[in-house]
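The sequence shown maps to residues 30 to 200 in our numbering.
By construction, the Cβ of each residue, glycine as well, lies at the ideal position given by its N, Cα and C atoms.
Report on the structure given below.
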Amino acid sequence: LLLWFAIGLRRVLDRLSGGDPLAHAIVPAAALLGGLMITGVSLDVSSAFTAWSDEFTPDPDTARVLGTAGLVVALTGLTGGAALVAVTTRIAQQARALPTWAVWVSYAVAVLCLSGFWSGGMASVAFALWLIGAVIGVLRAARRTPPAPAVPAQGAPAPEAARTPPTATSG
30 LLLWFAIGLR RVLDRLSGGD PLAHAIVPAA ALLGGLMITG VSLDVSSAFT AWSDEFTPDP
90 DTARVLGTAG LVVALTGLTG GAALVAVTTR IAQQARALPT WAVWVSYAVA VLCLSGFWSG
150 GMASVAFALW LIGAVIGVLR AARRTPPAPA VPAQGAPAPE AARTPPTATS G
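Take a look at the structure:
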């Protein structure tokens with residue numbers, strides 16, 4: 030779902046910026062965020078699943094190392110979140126699509142995501158709140174965009190004309 034959202038966000042940012050290449054950083058940033066978050070949570074949860082099994086009793090030090098490694102990997106994924114927030118904010122700022130307060134709050138979220146190790150979990154909460162706001166913004170932008178007209182281009186034959194054989198005119 031995150032990649033699907035990132036693709037939609039990139040389309041909105043492309044339209045908003047007029048094709049700024051900076052918007053192409055959205056999808057890789059979301060992939061970095063999602064991939065490292067899933068890996069980190071998997072490492073953290075693996076020791077819990079191992080403890081539930083009767084086949085293997087994990088050493089407490091091993092369980093702590095897996096938990097710490099999972100936390101470090103997952104918090105490293107917030108660098109992708111920081112890139113996602115910063116790129117979106119920069120393009121929206123250039124297009125004057127956000128109020129000034131929202132721009133500064135978004136930049137603060139990006140910096141908080143970069144300092145995820147020292148934020149005590151606040152970076153994840155701030156990013157989640159920003160992401161909810163971004164989803165609402167993308168949905169509103171998509172609703173405002175009218176669908177492409179179904180009128181054939183000038184000079185193109187109408188669909189009925191394509192099925193009707195040509196008739197010869199004598200003159």
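Going by DSSP, residue 87 is part of no alpha helix (DSSP H) at all; its letter is neither H nor E.
Contact check for residue 109 against residue 59 passes: the beta carbons are separated by less than 9 Å. Straight-line measurement puts the Cα of residue 56 at about 5 Å from the Cα of residue 35. For residue 40, the enclosing alpha helix (DSSP H) begins and ends at 31-46. Taking a 10 Å sphere around the C-beta of residue 121, we find 16 or more other C-beta atoms and assign the residue as buried. For the pair of segments examined, the segment 135-153 was found to touch the segment 100-116: the number of CB pairs separated by less than 8 Å reaches three. Scanning its chain for C-beta atoms nearer than 6 Å, with the 5 sequence neighbours on each side dropped, one finds around residue 63 the residues 31, in chain order. A distance of 9 Å or more separates the beta carbons of residue 94 and residue 69.
By a beta-carbon distance limit of 8 Å, residue 111 contacts residue 139. Their separation comes to about 5 Å. Take residue 92, set aside five residues on each side of it, and the residues of its chain with a beta-carbon closer than 6 Å to its own are 76, in chain order. Setting aside the 5 residues that flank it on each side, residue 65 is surrounded in the same chain by 102, 105 and 106, each with a C-beta closer than 6 Å to its C-beta; the list follows chain order. Taken in chain order, the segment 59-110 contains no complete beta strand (DSSP E) segment of 3 residues or longer.
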